[in-house]
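*Asks:*
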Amino acid sequence: MAYIPPHMRRSEDVRKASPFPETLQPQFQRILNLRASTSHQNIVYARHAISKWFAVGLDDDGQFPPNIHLEPTSLEHVERDRGEKPLILVNSYVTEEDCKPERNCSKSPWEIIAENVHQELVSSFEILRKEMDGQGSEKVKPTLVARLGKIHFRGSPSVGLESVNKTQVEEASLRKLRRSLYTDIPSSYVEIIRDGVVPVLGVDFEGEKDVYLVKLSDNTRPDATIACKCSVMENKKLVLYKVELNPVRQMVIDVSCLDKNLDLRVALCTKKILTTPTDDEMSDLINSAVLDSDMKGGLRWPLGASSGGRYSVIGTWHTVTKIYKSSSFRLNVRDADRFDFKSASGEAAREIVLKLKRIVSEIQEPGAESDSISSMLEDSLRLIWDKFLL
Numbered sequence: 001m002a003y004i005p006p007h008m009r010r011s012e013d014v015r016k017a018s019p020f021p022e023t024l025q026p027q028f029q030r031i032l033n034l035r036a037s038t039s040h041q042n043i044v045y046a047r048h049a050i051s052k053w054f055a056v057g058l059d060d061d062g063q064f065p066p067n068i069h070l071e072p073t074s075l076e077h078v079e080r081d082r083g084e085k086p087l088i089l090v091n092s093y094v095t096e097e098d099c100k101p102e103r104n105c106s107k108s109p110w111e112i113i114a115e116n117v118h119q120e121l122v123s124s125f126e127i128l129r130k131e132m133d134g135q136g137s138e139k140v141k142p143t144l145v146a147r148l149g150k151i152h153f154r155g156s157p158s159v160g161l162e163s164v165n166k167t168q169v170e171e172a173s174l175r176k177l178r179r180s181l182y183t184d185i186p187s188s189y190v191e192i193i194r195d196g197v198v199p200v201l202g203v204d205f206e207g208e209k210d211v212y213l214v215k216l217s218d219n220t221r222p223d224a225t226i227a228c229k230c231s232v233m234e235n236k237k238l239v240l241y242k243v244e245l246n247p248v249r250q251m252v253i254d255v256s257c258l259d260k261n262l263d264l265r266v267a268l269c270t271k272k273i274l275t276t277p278t279d280d281e282m283s284d285l286i287n288s289a290v291l292d293s294d295m296k297g298g299l300r301w302p303l304g305a306s307s308g309g310r311y312s313v314i315g316t317w318h319t320v321t322k323i324y325k326s327s328s329f330r331l332n333v334r335d336a337d338r339f340d341f342k343s344a345s346g347e348a349a350r351e352i353v354l355k356l357k358r359i360v361s362e363i364q365e366p367g368a369e370s371d372s373i374s375s376m377l378e379d380s381l382r383l384i385w386d387k388f389l390l
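Following the UniProt record's numbering, the numbering of the sequence shown begins with 1 at its first residue and continues without gaps.
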């Protein structure tokens, strides 16, 4: 099955309205842009974060084979924000089994990925371990996740997309570009994983979670975003059950899987869970939210009720997640509807996320053996390669 670029998919989502009046959008934009932040769109990297990209499926000389080329893909919100169409790697043989070139590689793709991830994971955890003590009321929770999607390459200050050779792909050129992982999976893929892969994995269905996430800026923490996780009561009002600071990326490894339809991201992130009681202003913002399925993000606020003296609503998510679990991982099949107040844009996505919880538990144990972690990582990546990347 060939990968379906976003601009070629048949969307089932109707156009939704912004959760605040159009007349206020420029005002919100100006206010939010004035706040200093070292993060980009609420994405925060640790001081010693590791970010890496590589491709698997190269030829015997370590070069991109001739059947690989770059194509522009159309995403409305990306084009509007950045003024360009990102590029994706496309394999013209990926759906033609008889045309795939023979390679004399001594290692399997998952072994190559595991070797690259293992070294960086151990290094990241050594640094993280030293920072996890003395957090006071903010408990740090590490999570290792594998996300499926398609890697998008964007222009950087040093290299513009117009200067990139799209037919003869060079690894050195791609390394100079910015990249992101587009996680919206085609519905047909999600159905294959849910109906074909899940039953043969022997995983248990844990349940379904319907969650509203309200993201708040805090003028006492200009570089942080507060995520308020809420469920819905019978009276259609939100009830807050968890407050976290925005995730901090400790390690991000992106893998272009040239012989697959999807790419892979393996990321180590940490979250700080706030255990101190919420104050009245935060509670008022949550209580004033109105459920509205016609709105992007699923929520809206009465005029003037989405900000206070300290906090302001800067984003909303509505996610419905089917959760499956095994002894080694947790699989989330998620429908997400998001709205970002900063860019005044929203998007809906179907996502597949695997949380590799057993590896995280093992690596946190005193005296954890590197070989054991490497073996567990390789087993997990083989499963992902064989069953999920498609």
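Even glycine gets a Cβ: it sits at the ideal position worked out from N, Cα and C. Model, not experiment: these values are computed from the prediction.
With a Cβ-Cβ cutoff of 8 angstroms, do Val140 and Thr270 count as a contact?
*Replies:* Yes, the Cβ-Cβ distance between Val140 and Thr270 is below 8 angstroms.
*Asks:* Could you say which of Leu240, Val320, Gln119 and Lys342 lies nearest to Ala349 if we only look at CA atoms?
*Replies:* Answer by Cα proximity: Val320.
*Asks:* Which two residues bound the contiguous alpha helix (DSSP H) that contains Asp280?
*Replies:* Looking at the DSSP string, the run of the alpha helix (DSSP H) that includes Asp280 is Asp280 to Asn287.
*Asks:* Please return the same chain residues whose Cβ sits closer than 6 angstroms to the Cβ of Lys209, not counting the five positions on each side in sequence.
*Replies:* Within the same chain, Lys209 has close Cβ partners Thr321.
*Asks:* Using CA atoms only, rank isn't needed, just tell me which of Leu390, Val117, Pro72 and Ala46 is closest to Cys257.
*Replies:* Taking only the C-alpha atoms, the option nearest Cys257 is Leu390.
*Asks:* Measuring straight from C-alpha to C-alpha, what distance separates Ile286 and Leu238?
*Replies:* The straight-line gap from Cα to Cα measures roughly 7 angstroms.
*Asks:* Do you know offhand how far Glu378's Cα is from Pro186's?
*Replies:* Between Glu378 and Pro186, the C-alpha separation is close to 27 angstroms.
*Asks:* Check Asn219 in the structure and name its three-state DSSP category.
*Replies:* Three-state DSSP puts Asn219 in coil, outside helix and strand.
*Asks:* According to DSSP, His318 sits in a beta bridge with which residue or residues?
*Replies:* According to DSSP, His318 bridges with Tyr212 and Asp337.
*Asks:* Taking the alpha carbon of Ala227 as the point to measure from, which residue in Asp59, Ala172, Ser180 and Thr316 has its own alpha carbon closest?
*Replies:* Nearest of Asp59, Ala172, Ser180 and Thr316 to Ala227, Cα basis: Thr316.
*Asks:* Relative to the C-alpha of Asp371, which residue among Gln119, Val44 and Leu75 is closest?
*Replies:* It is Gln119.
*Asks:* In this structure, how does DSSP classify Gly149 when only helix, strand and coil are distinguished?
*Replies:* Strand, per DSSP.
*Asks:* Going by DSSP, what residues sit across from Asp254 in a beta bridge?
*Replies:* BP columns for Asp254 point to Trp53 and Arg265.
*Asks:* Find out if the Cβ-Cβ distance for the pair Thr183, Arg147 is shorter than 8 angstroms.
*Replies:* It is a contact, given that the beta carbons lie within the stated cut-off.
*Asks:* Can you name, in chain order, every residue of its own chain whose Cβ lies under 7 angstroms from the Cβ of Lys85, other than the five neighbours on each side?
*Replies:* Closer than 7 angstroms at the Cβ level, and outside the excluded window around Lys85, lie Pro72, Thr73, Ser74 and Glu79.
*Asks:* Measuring CB to CB, does Lys242 end up less than 8 angstroms from Lys260?
*Replies:* Result no, Cβ atoms of Lys242 and Lys260 do not sit closer than 8 angstroms.
*Asks:* So, with DSSP's three-state summary, where would you put Val90?
*Replies:* Of the three classes helix, strand and coil, the one that applies to Val90 here is strand, per DSSP.
*Asks:* With DSSP as the reference, identify every bridge partner of Tyr45, one or two as the case may be.
*Replies:* Paired residues: Arg249.
*Asks:* Do you know offhand how far Ile112's Cα is from Gly298's?
*Replies:* The straight-line gap from Cα to Cα measures roughly 41 angstroms.
*Asks:* Got a sec? Which residues, its chain only, sit under 7 angstroms from Asp279 by beta carbon, not counting five neighbours each side?
*Replies:* Cβ neighbours of Asp279 beyond the five flanking positions: none.
*Asks:* Going by the CB atoms, is the gap between Val56 and Val255 shorter than 8 angstroms?
*Replies:* Result yes, Cβ atoms of Val255 and Val56 sit closer than 8 angstroms.
*Asks:* At the level of alpha carbons, what is the spacing between Leu58 and Pro109?
*Replies:* Their backbone Cα atoms lie some 10 angstroms apart in a straight line.
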